[in-house]
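Below you'll find the structure, written out as structure tokens, and then a few comments.
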Amino acid sequence: MVLSVKSAVKPSKRSRVLVRKETTAAYLFLLPSLIFFLGFVIYPIVLCVWTSFFDSTMNAKDVFVGFANYKELFQDKVFLGALKNTFIIVVVSVPITGAFSLWVSSIIVDLKGWATSLFRIIFYLPVVTGSVAVTVVWKWMFNNYYGIFNYLGTTTGLIEKNINWLGDERYALACIIIILLTTSVGQPIVLYVSALGNVDASLVEAANVDGATRFQAFWKVKWPQIMPTTLYILVITTINSFQCFALIQLLTSGGPNHSTDTIMYYIYYSAFKLYRYGYGDAMGVVLAIMIAILSAIQFKLGNSND
Numbered sequence: 001m002v003l004s005v006k007s008a009v010k011p012s013k014r015s016r017v018l019v020r021k022e023t024t025a026a027y028l029f030l031l032p033s034l035i036f037f038l039g040f041v042i043y044p045i046v047l048c049v050w051t052s053f054f055d056s057t058m059n060a061k062d063v064f065v066g067f068a069n070y071k072e073l074f075q076d077k078v079f080l081g082a083l084k085n086t087f088i089i090v091v092v093s094v095p096i097t098g099a100f101s102l103w104v105s106s107i108i109v110d111l112k113g114w115a116t117s118l119f120r121i122i123f124y125l126p127v128v129t130g131s132v133a134v135t136v137v138w139k140w141m142f143n144n145y146y147g148i149f150n151y152l153g154t155t156t157g158l159i160e161k162n163i164n165w166l167g168d169e170r171y172a173l174a175c176i177i178i179i180l181l182t183t184s185v186g187q188p189i190v191l192y193v194s195a196l197g198n199v200d201a202s203l204v205e206a207a208n209v210d211g212a213t214r215f216q217a218f219w220k221v222k223w224p225q226i227m228p229t230t231l232y233i234l235v236i237t238t239i240n241s242f243q244c245f246a247l248i249q250l251l252t253s254g255g256p257n258h259s260t261d262t263i264m265y266y267i268y269y270s271a272f273k274l275y276r277y278g279y280g281d282a283m284g285v286v287l288a289i290m291i292a293i294l295s296a297i298q299f300k301l302g303n304s305n306d
């Protein structure tokens, strides 16, 4: 009886020691990533929030101003215009990107394997191509003297004379949105093709046997199964749209007359052109709050459909 009790105790002690050693080893392996995360993610976030309460410039000592930077933001016409442009980009690009990606994926997922792979490569190329290279091509296409759009428009009679697409307030923001759409659909298409390929085929067949139409089979069977992928795509696309910067910087620099300013570009302009770091950090905090709120709403709506 004593031997059985001892034999039951010893393995328990050994298991606790083993668990402790495995836990220690796991944390040691995680330590480099944890240090990087704390040093390059958490610390900058805390510093950004802290600096937003100061009048911080390059050549002067930081002065605590409380919420003055935030108050000034919503009295700044340029910031309000950038906020409006950012929301226009998000409202237009996110639904179109999601719907177009789902439509294309629904078509190519049923093709032969090599054809599906080919289309995925074609749509994903702009994602892996450098943003500078893509922007240079689009800048040439929109050129008001020798761009292909003006050439085709004047040749076919759609337009009477060349249009300065990126230099006209009426067209500049729309051009930015078009370019953003072409560079945003690649990842959602790849994700949707994978999600649609993992849909339970037996459920689709059962729906077809019961007389469901193609749309009904998609809406009642496929859509609920790809909902997690849809939620992820919406959140990521929303964040990317809010953070639109490279296109603005390389194509218009916020012009003409601030008509293509976004919050991300105005943060860059305020912090690194005007050297108003506290003001730029205040904009960054406001942008982060807006992204967090919209993401939370999307998660809430996505979970309510489960």
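In terms of UniProt numbering, the sequence shown has 156 at position 156, counting the first letter as 1, and numbering is strictly consecutive. The beta-carbon is built from N, C-alpha and C at its ideal position, and this holds for glycine as well.
Euclidean distance between Cα positions of residue i and residue j
| i | j | result |
| --- | --- | --- |
| Lys-84 | Gly-147 | 29 angstroms |
| Ala-195 | Ala-60 | 54 angstroms |
| Leu-274 | Trp-103 | 44 angstroms |
| Arg-16 | Tyr-27 | 17 angstroms |
| Thr-213 | Ile-176 | 39 angstroms |
| Met-227 | Met-283 | 33 angstroms |
| Ala-25 | Val-127 | 37 angstroms |
| Lys-161 | Leu-152 | 11 angstroms |
| Trp-50 | Gln-225 | 43 angstroms |
| Tyr-171 | Phe-119 | 30 angstroms |
| Phe-79 | Ile-239 | 19 angstroms |
| Ala-292 | Tyr-145 | 43 angstroms |
| Gln-298 | Phe-100 | 19 angstroms |
| Leu-30 | Val-19 | 16 angstroms |
Beta-carbon gap between residue i and residue j smaller than 7 angstroms
| i | j | result |
| --- | --- | --- |
| Ile-248 | Tyr-265 | yes |
| Gly-66 | His-258 | no |
| Ser-52 | Gly-278 | yes |
| Ser-105 | Ile-189 | yes |
| residue 314 | Thr-116 | The first residue shown for the chain is 1 and the last is 306, placing residue 314 beyond what the model contains. |
| Val-235 | Ser-295 | yes |
| Tyr-124 | Gly-197 | no |
| Thr-262 | Thr-97 | no |
| Ala-217 | Val-204 | yes |
| Val-63 | Ser-241 | no |
| Ala-201 | Val-221 | no |
| Leu-158 | Thr-260 | no |
| Gly-302 | Leu-191 | no |
| Arg-142 | Leu-166 | The displayed chain sequence assigns Phe, not Arg, to residue 142. In contact: Phe-142 and Leu-166 (Cβ atoms closer than 7 angstroms). |
| Gly-255 | Ile-267 | no |
Extent of the continuous alpha helix (DSSP H) run through residue i
| i | result |
| --- | --- |
| Pro-126 | 113-128 |
| Ala-68 | 68-73 |
| Asn-150 | 148-156 |
| residue 313 | This structure leaves residue 313 out entirely; the chain is present only between 1 and 306. |
| Ile-239 | 223-242 |
| Arg-214 | 214-217 |
| Phe-142 | Careful: Phe-142 lies outside any alpha helix (DSSP H) and carries neither H nor E. |
| Val-104 | 77-108 |
| Phe-272 | 263-272 |
| Tyr-160 | It is Glu, not Tyr, that sits at residue 160 in the sequence shown. Per DSSP, Glu-160 belongs to no alpha helix (DSSP H) and is neither H nor E. |
| Ile-42 | Here Ile-42 belongs to no alpha helix (DSSP H), and DSSP marks it neither H nor E. |
| Thr-205 | With the sequence shown as reference, residue 205 is identified as Glu, and Thr is not the correct amino acid for it. Its alpha helix (DSSP H) spans residues 201-209. |
| Leu-250 | 246-251 |
Sheet register partners of residue i (DSSP bridge)
| i | result |
| --- | --- |
| Phe-54 | Phe-64 |
The ligand FAD heavy atom lying under 6 angstroms from the CB of residue i
| i | result |
| --- | --- |
| Ile-267 | In the structure on display, the ligand FAD does not appear, and there are no ligands present to speak of. |
Exercise. Touch check for the segment 122-138 and the segment 235-252: three-plus C-beta pairs under 8 angstroms?
Worked result: Enough Cβ pairs lie closer than 8 angstroms, so yes.
Exercise. Any contact of the segment 166-181 with the segment 84-102, i.e. 3+ C-beta pairs under 8 angstroms?
Worked result: Using a C-beta cut-off of 8 angstroms, the segment 166-181 makes contact with the segment 84-102, since at least three inter-stretch Cβ pairs fall below that distance.
Exercise. At a cut of 8 angstroms, does the segment 281-288 reach the segment 41-49 through at least three beta carbon pairs?
Worked result: Judged by Cβ distances under 8 angstroms, the segment 281-288 makes contact with the segment 41-49, as three or more pairs qualify.
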